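Trainee: Structure provided below as structure tokens; questions to follow.
In the working numbering, the protein residues as written are 3 to 81.
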């Protein structure tokens, strides 16, 4: 599975989980926990979008560009 596909899956899951939280968990969770769930699904959607953009960028930049992005990602995670 490539980055674009994985990002699309994350985006779709964030929409489904957001709808489930808004409708299925409204009467189950407290307002504070429902707010945290909503925030988590938003962050998942942002992450999915970022994965799609990185996947497209890797395709556009080729193998050398993808290696550079990987190095930047490692430095970002470590820093």
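Virtual Cβ for every residue (Gly too), placed ideally from N, Cα, C.
Small disclaimer: the values here were computed from a predicted structure and weren't measured.
1. Can you check whether the CB of residue 77 is closer than 7 Å to the CB of residue 43?
2. Is the stretch 23-36 touching the stretch 62-80 in the sense that three or more CB pairs, one from each, lie closer than 8 Å?
3. If you drop the 5 nearest sequence neighbours on each side, which residues of the same chain put their C-beta closer than 6 Å to that of residue 68?
4. With a CB to CB cut of under 6 Å and the five nearest residues on each side skipped, what residues in its chain are close to residue 39?
5. Give, in chain order, every unbroken run of the beta strand (DSSP E) that is at least 3 residues long and sits entirely within the stretch 30-76.
6. CA-CA distance, residue 56 and residue 47?
7. According to DSSP, is residue 3 part of a helix, a strand, or is it coil?
8. Below 7 Å between beta carbons: does that hold for residue 53 and residue 8?
Mentor: Taking the geometry as given:
1. For this step, residue 43 is matched to residue 41 along the chain shown. For this step, residue 77 is matched to residue 75 along the chain shown. Going by C-beta atoms, residue 43 is not nearer than 7 Å to residue 77.
2. no
3. Stepping through the chain shown from its first residue, residue 68 is reached at position 66. 60.
4. Position 37 of the chain shown holds residue 39. Answer for residue 39: 23, listed in chain order.
5. none
6. For this step, residue 56 is matched to residue 54 along the chain shown. For this step, residue 47 is matched to residue 45 along the chain shown. The straight-line gap from Cα to Cα measures roughly 14 Å.
7. As a first step, residue 3 is located in the chain shown; it is residue number 1 there, counting from the start. Of the three classes helix, strand and coil, the one that applies to residue 3 here is coil, per DSSP.
8. Numbered from its first residue, the chain shown carries residue 53 at position 51. Numbered from its first residue, the chain shown carries residue 8 at position 6. Going by C-beta atoms, residue 53 is nearer than 7 Å to residue 8.
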